[in-house]
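First residue of the sequence shown: 336, per the working numbering; consecutive thereafter. Ideal placement from N, C-alpha and C gives every residue a C-beta, glycine not left out. All values derive from a computational prediction rather than experimental measurement.
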Amino acid sequence: MGLKATKVTQTYGTNGCAVDNGGCSHLCFWCQQAVRCACPMGLELLSDLKTCVVPEAFLLFTNRDSIRSISLGTNSNDVAIPLTGVKEASALGSDVSEKRIYWTDIQAKKISRAYLNGSSVEHVIEFGLDYPEGMAVDWIGRNIFWADTGTNRIEVARLDGQYRQVLVCKDLENPRSLDNPRSLALDPANGYMYWTEWGGRPRIARAYMDGTTITTLVDKVGRANGLTIDYVDHRIYWIDLDTCMIESTNMQGLQRETIVDDLPHPFGLTQYRDFIYWTDFNLRSIERANKRSGQNRTVILKGQLELMLDILVFHSSRQDGTNECSQNNGNCAHLCLATPAGARCRCASHYSLSPDGKNCSSPSSFLLFSQKASISRIVIGEQSPDIILPIYITRNARAVTYDPLDHLVYWLDGRQNIRRARDDGTMASTVVSSTAQQVDYQLHDLSLDPYSRHIYWTCETTNTINVQRMDGHIVGVVVKDSTDKPRAIVVNAEKGYMYFTTVQERSTKIERSSLDGTERESLFTTGLIRPVALALDNKLGKLFWVDADLKRIESSDLTGANRIVLQDSNILQPIGLTVLGDHLYWIDRQQQVIERVDKVTGDGRTRIQGRIMYLTSIHAVKEMDPQEFASHPCYRDNGGCSHICIAKGDGTPSCSCPMHLVLLQDLLHCGDPPTCSTEQFTCSTGEIDCIPMAWRCDSYSECDDGSDEENCPVCSAFQFQCDGGNCIEAQKRCDGEPDCDDKSDEQDCETICTSAQFRCGDNQCITKKQQCDNYSDCLDGSDELSCDYISTSSSFVPSYEPTNPIGPVIAIILLVFVMGGACFVCQRVVCRRYKGPNGSFPHEYISGTPHVPLNFITPSSSQHGISCGKSIMSSVSLMGSSGSGAPLYDRNHVTGASSSSSSSTKGAFYPQILNPPPSPATDRSLYNVEIFYSSNSPSTTRSYRPYHPVRGAAPPTTPCSTDVCDSDYTPHHPPAGLLSSTSRWKASGHAGHGKPNKYYMDLNSDSDPYPPPPTPRSQYMSAEESCPPSPSTERSYFHLCPPPPSPCTDSS
């Protein structure tokens, strides 16, 4: 690709390149009124400065952030190869057949390649590198080898980076294992590789190219660097940085010679034909000398060069020979590695070689652990160490898990996405993207259901457990709680359950529920502070968890039983755990280790891997039986379910739905829930959609699926909870009739009350008529609790509809004038008219015929009340009969009793203050009524609940009776309990069944001890006249109208 400037109009003028290209064979440039010839990349300009030829050989060397070349011909001009992305090039390699160069970058921690002209830059190895100081290319087997000082490994991969395998690594149990490898050289024609070590015991070693048969060639050496091979004379050369000498031996480490000594600071070394070439840090130069004698030292290049770490000769003579891997990769599926005896097929790390010795199979059981920017794999039981998977990760990988069916790794990244990829880095994609959601998700943990192909993940923002298909389709939310915050989660798809931790302000729980979020139960609520990870073992039937604050690892059965502590010592910052085989593995971020113990006993604690920085999670991948996998009820087409498939205990699938949907009648598909009003309850499934809210938690299932009786609140203090969980009224306990479905309310009863009796709190039996009669018949007063009336002592004032106050005000004013006039007439006219000469009433007026018949009975409607709003008469104390429909007085006791003749049979709370008895001559009051008031609005509905008056209360006194006028009189007030039971306002209806309560005012309330107004027929016309004695009577009655006249005597 290039750029060319063209002028379409005729151009005038010329220069030196216009004629015969200025004499240049390739490129001609007109510069400063002179011709200048140049060559394309890969060609060399001869000494005539006009002809370009293919160079016989040229040097490649690193110069910090660039790679430069210089021809070995007569014109020694260095040229920088136009490469991009080079930060600190260290080791160099070449592939002459493809005209490519390879280099390691210790700052970028990558191995890259490009063509000689700088095009097609590729990163061959991007992951798992620390300090790749040495590198060499196997030009026959088409492999690349490198030595990493940071990881203490020598690894191999194909030239494109595939099928990476660790050949030699540091073994803590073997003191002569690899220790700080540095420079590397290959002899593929003979099947050997050579390297230098800078560890505690520096050496030059050799091994087969498959990493076997390691031998020390030179052990008395300093820090050897720049290892190179003379393939013609079969000798190896190196630079000793400690002695600043160039030395040589044969291929067996014998015949050691010093070639050049007394060098300032040599570092890089290569060989071509009869010369060796090296770089010098101090002199900033490239020099050469005879490879045998060290004579004829010549400076090739000297100038402004720095950090020339490596140098090599690019020429075909340096890459000659053949072996069994040269044709078709030796028929190996992954790697073909040469040995002195031929070649051997090898597989990528953790892959197993098939019995045919050619093909490879992936690991079936292994550990995955994530770090800040990588995901690694460990196969337990193999000598191969952990490897970093070639998966590109942005940052902060965590919550790693695995899909054994598609062989995909899943994880959460720092951008709050759920990503996945194959273990070789292919098929990378984003499954859940937080940027595509309306809510700013903060994902916490995830777990897979491989049978239903579902992903379960928790969100810290919404405090939910969400379900999504692996193909990206959203299923919905299955757990959402305003108080509990789900965090860590693990799915037990084989049993149809999921386990998760929930965090509250002051407590933490470990819970279990079905995969749809139902059947939720708390397994542990105590002994927890911050459980950060969960793991389970179905075969053992165990649940495991680790608490980061308690620094403790525990286990229990899957039901929460048999809780034990496995480890609680020397644990600093545990952040993940998993189960593989017979062991429980966990990671400690602070100690940077992976450890394990026996999963049953907690014994045999062993460190698996150490010095692993920035650990975030760990996950075990177990070998799965294909037949067992296919037999799962949800494996085929999600069990036929449209959303969630749950495996039942009998091996059949059960379909369910997320929270926003309901299961339809076919029990397979989910649909929108029915639209029920706010006063209705929505059934989860079944033909019945909506039921009245009052039927919710009433101990009877109206919904087909019984969802109206699920998650019901705990019974109140006034209720009894049956063994089956439903609630009944407390007074129905041990009443002789079973009210619970399981009859548990009639079990373990000390006293059996009949159906016509009420059971007190102290097991005493009373008649049901004595319940809620405003008198405590039970010793503990339980018969007057939860009654359908409210206390006058309470601050409750029934609400009422606003009325127009003008009418009542006018009525009150008129009533005052009428009553005032009546009193004036009675005092000034009537009594004087009938008063005898001696100041007394005639006897006939006392024994005369009454105006109201003695057998008159008030209609039942007046007995049971008139429906109305709040009456202006509510402030007047009115008294009525003791029973519904009874006469207002007893004909056999028409005169009042004195204060000393009361026949009360129960303890009175008031002093014996008596009014005069009613007289037959008095007009019967028609105000013996009960005024109703609805709790909702004024109503015309009558109450059919009989009212029981207060027992044992004395009637009020007559005007100026001795009881009232007695100076020793002190009113006595009833206890608070009685005040609450003798309320003026009384409830009508059954509040316990969701019906509106009705309240009525009892105008018969015997609560006013003050005397009535004077009667029209009384002889006492003035306040100066004294009161006459009243005949003895059994009980006095008071009504709204004044009492009948009593015999008047002279006040004197």
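Range of the contiguous alpha helix (DSSP H) that encloses residue i
| i | result |
| --- | --- |
| PHE964 | 961 to 965 |
Proximity below 7 angstroms, CB of residue i to CB of residue j
| i | j | result |
| --- | --- | --- |
| LEU869 | ALA828 | no |
| PRO988 | PRO968 | yes |
| HIS669 | CYS682 | yes |
| ILE953 | ILE906 | no |
| ALA763 | TRP746 | no |
| ASP465 | GLY485 | yes |
| PHE1055 | ASP1080 | yes |
| SER849 | ILE1023 | no |
| ILE306 | SER425 | Residue 306 lies beyond the residue range present for the chain, which begins at 336 and ends at 1387; the question has no answer from this structure. |
Residue i, buried or exposed, once every other Cβ within 10 Å from all chains shown has been counted against 16
| i | result |
| --- | --- |
| MET643 | buried |
| ASP383 | exposed |
| TYR607 | buried |
| ASP721 | buried |
| SER904 | exposed |
| MET948 | exposed |
| ARG679 | buried |
| ARG971 | exposed |
| SER711 | buried |
| GLY807 | exposed |
Helix, strand or coil at residue i according to DSSP, with G and I counted as helix
| i | result |
| --- | --- |
| THR349 | coil |
| VAL1144 | helix |
| THR843 | strand |
| ASN827 | strand |
| THR837 | strand |
| PHE879 | strand |
| MET528 | strand |
| GLU468 | strand |
| GLY463 | coil |
Length of the line joining the Cα atoms of residue i and residue j
| i | j | result |
| --- | --- | --- |
| LEU688 | ARG754 | 30 angstroms |
| LEU494 | GLY665 | 15 angstroms |
| SER651 | LEU604 | 18 angstroms |
| ALA373 | TYR450 | 20 angstroms |
| VAL388 | ASN625 | 26 angstroms |
| GLN1105 | GLN1082 | 25 angstroms |
| LEU427 | ARG558 | 19 angstroms |
| ASP483 | ARG435 | 22 angstroms |
| HIS779 | ARG841 | 20 angstroms |
| TYR347 | TYR566 | 59 angstroms |
| GLN587 | LEU552 | 6 angstroms |
| THR1102 | GLY1116 | 14 angstroms |
| GLY408 | LEU378 | 11 angstroms |
| ASN973 | GLY811 | 16 angstroms |
| GLU963 | GLY876 | 17 angstroms |
Delimiting residues of the beta strand (DSSP E) encompassing residue i
| i | result |
| --- | --- |
| ASP565 | 559 to 565 |
| THR578 | From DSSP, THR578 is part of no beta strand (DSSP E); its letter is neither H nor E. |
| MET805 | Looking at the DSSP string, MET805 is not in any beta strand (DSSP E), and its letter there is neither H nor E. |
| TYR607 | 601 to 607 |
| PHE393 | 393 to 397 |
| SER705 | 701 to 705 |
| GLN1056 | 1054 to 1056 |
| LYS874 | Where LYS874 is concerned, there is no enclosing beta strand (DSSP E), given that its DSSP letter is neither H nor E. |
| PRO988 | 988 to 991 |
| THR765 | 764 to 767 |
| LEU783 | 778 to 784 |
| ILE790 | 789 to 794 |
| PHE649 | 646 to 649 |
| ILE611 | 610 to 615 |
| ASN478 | 478 to 483 |
| TYR920 | 918 to 923 |
| ILE979 | 979 to 982 |
Distance cut-off 6 angstroms: residue i Cβ against heavy atoms of the ligand ATP
| i | result |
| --- | --- |
| VAL472 | No copy of the ligand ATP occurs in the structure displayed, which carries no ligand at all. |
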